[in-house]
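Residue numbers (my numbering), protein chains in the order written: chain A, 50 to 193; chain B, 50 to 193; chain C, 50 to 193; chain D, 50 to 193.
What follows is a single structure, written as structure tokens, with notes after it.
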DNA sequence: GTGGTCTAGACCACG
DNA sequence: GTGGTCTAGACCACC
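As structure tokens, then:
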């Protein structure tokens, strides 16, 4: 399992693990029934304490993303792929909603927000031919 | 000053105050030179610990958004409106960038993201005629 | 908060805490909005490690039984009483179903099972006038 | 031998085997002197580790439910049927006592509990005309 | 004072 | 080998 954590990030390490496992499942890198890295393995790989991994795995079990096979290890649950794909959408939607609501609350006009979105979209998805804004907008200054 | 605080929210209370004051200034609800609620007043109004208000005001002073006027109280600094407007843009831009980066990392295609953006934009800015996507997009289902 | 744990019991200590808190809420000893013993307090009271209490409290938070008020402590969530009362019923129902199913699977006749039930019922509810069943009780709804 | 094991269940696999063998003997499906599946056979049939079967069989030998017949395999011991029938009663009694005690501890009234019992009884023993209790049965000995 | 995160290490049951 | 529980103690942010 190829995952990476940043001990100095704003999210707790265990949360970073939880999210990355979910992303891996959502993206299909882990399928239902697959075994996941053992606690000790992952702890060594990430150079963190096993308890931190245990905590992440436990949360995933509580959400029924992982299932414990006693004495054997943890496997991806049957409903996990669908759950993870759904959660991913919901999370993005919620966070988009938050930031847009804040944008409005702070007095920003829709025009400004649209420009900001196109700008960031172009950074995040450079390969896509600017899909949300196929109008020939000249890259004007984005000011207050 | 009409601000509202959620003690169960994900952000610290003092941070919520800081942001809302900045938003109020950016939106023009508070102008340079205006006086701001006293610590005791605001603490009572929001039913929170005065120390929390003090901490928020102190941070605003450190950023030169507020200025102490001896014997009178705190007033909005002369450069505050411009500062707040600039910060607001930077913040929205940064958060948009974050959420879009995560969307990509989680394996979402640009098409999905575009739909989600238009969806949330329509919620946050219901009056604007859907500005970031002036193409005649059919309102298809947004699924996985 | 009057709770008691048995470190030698079959259930983990943290689980015992979780259940007893739920029982206390279901029974009305703790109402929505009430603050709960602090982690350190309870840990000292029960002579166990604070981490064990934290784990129990965290699980209760995950189930939205408790809510965290940053810097203040944990309070009983608004929906907790109803949730706990419902869970209590569901748990008893499930365990009854299990043991009865096992009784049948092991070849026990309904007559035997009936006798065992009356016997244990008389022990658990000695004050109730005999077993709860030979009266022609109208089959009302089984609710909270 | 028709037994079934759930690797994700709450009981250890070896315990599940032990119980099911005992149940089969108590119910008469296995009689004294009958041979039992070999370790390898059962392990293959259940798709589990032979060590797990060994552990289950060993426990059954320790309880003198099974006896080793040199060069032949394991057979059901002479006293096994009676032992299993007795244990079955004791187990059901104990578990009933537990769940009823918990019901009381959680603040449930005897009326609720009575209803729950009748409800689950009707599910577990659908053929018996309602619950076994409203007949004035003389409290005979509870034997096999 | 409060909860929250992380580390370190012991001990156990299970397969 | 696997996960699970518990202890001990450090450090942090928040109120």
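Note that the Cβ used here is the ideal one computed from N, Cα and C, for glycine as well.
Beta-carbon spacing of residue i, residue j below 8 Å
i, j, result
"residue 56(D)", "residue 118(A)", "yes"
"residue 162(A)", "residue 149(A)", "yes"
"residue 54(B)", "residue 97(B)", "yes"
"residue 165(A)", "residue 141(B)", "yes"
"residue 156(B)", "residue 75(A)", "yes"
"residue 174(A)", "residue 153(B)", "yes"
"residue 111(A)", "residue 111(C)", "yes"
According to DSSP, residues forming a beta bridge with residue i
i, result
"residue 67(C)", "Answer is none; residue 67(C) lacks a bridge partner."
"residue 115(A)", "125(A)"
"residue 84(B)", "124(B)"
Sequence-distant residues of the same chain with beta carbon closer than 7 Å to residue i, five excluded per side
i, result
"residue 81(C)", "125, 126, 127, 129, 130"
"residue 67(D)", "105, 108, 109"
"residue 176(C)", "none"
"residue 89(C)", "99"
"residue 139(A)", "none"
"residue 87(D)", "122"
Partner residues on chain A for residue i, Cβ-Cβ distance less than 8 Å
i, result
"residue 154(B)", "72"
"residue 148(B)", "141, 144, 145, 148"
Partners in chain C for residue i, counting only beta-carbon separations shorter than 8 Å
i, result
"residue 35(B)", "Lying before the first or after the last residue shown, residue 35(B) is absent from chain B, which here runs from 50 to 193."
Beta-carbon neighbours of residue i, restricted to chain A and to distances below 7 Å
i, result
"residue 79(B)", "Going along chain A, no residue has its Cβ under 7 Å from residue 79(B), so there is no contact; the nearest lies around 11 Å."
"residue 61(D)", "119"
Chain C residues whose Cβ lies nearer than 9 Å to that of residue i
i, result
"residue 85(D)", "Here the premise fails: no neighbours, minimum Cβ distance about 18 Å."
"residue 128(D)", "Simply none; closest approach about 18 Å."
"residue 137(D)", "151, 152, 155, 156, 157"
Proximal residues of chain B, C-beta to C-beta of residue i below 7 Å
i, result
"residue 169(A)", "142, 145, 146, 149"
"residue 172(A)", "146"
"residue 75(A)", "155, 156"
Sequence-distant residues of the same chain with beta carbon closer than 6 Å to residue i, five excluded per side
i, result
"residue 52(B)", "69"
"residue 79(A)", "73, 125"
"residue 83(A)", "125"
"residue 95(C)", "54"
"residue 50(C)", "86"
"residue 151(B)", "none"
"residue 116(B)", "124, 126"
8 Å Cβ shell around residue i - same chain, five flanking residues per side excluded
i, result
"residue 137(B)", "71, 72, 75"
"residue 92(A)", "98, 99, 101, 102"
"residue 47(B)", "Not covered by the structure: residue 47(B). The range shown for chain B is 50 to 193."
"residue 77(D)", "130"
"residue 143(C)", "none"
Residues that residue i contacts on chain D, provided the C-beta gap is smaller than 7 Å
i, result
"residue 111(C)", "Simply none; closest approach about 20 Å."
Interface partners of residue i on chain C, CB under 7 Å
i, result
"residue 165(D)", "141, 142, 145, 191"
"residue 177(D)", "159"
Three-pair Cβ contact test at 8 Å for the stretch 62-74 of chain B versus the stretch 97-117 of chain B: yes
Segment contact flag, the stretch 122-136 of chain A with the stretch 131-151 of chain B, C-beta cutoff 8 Å, min 3 pairs: no
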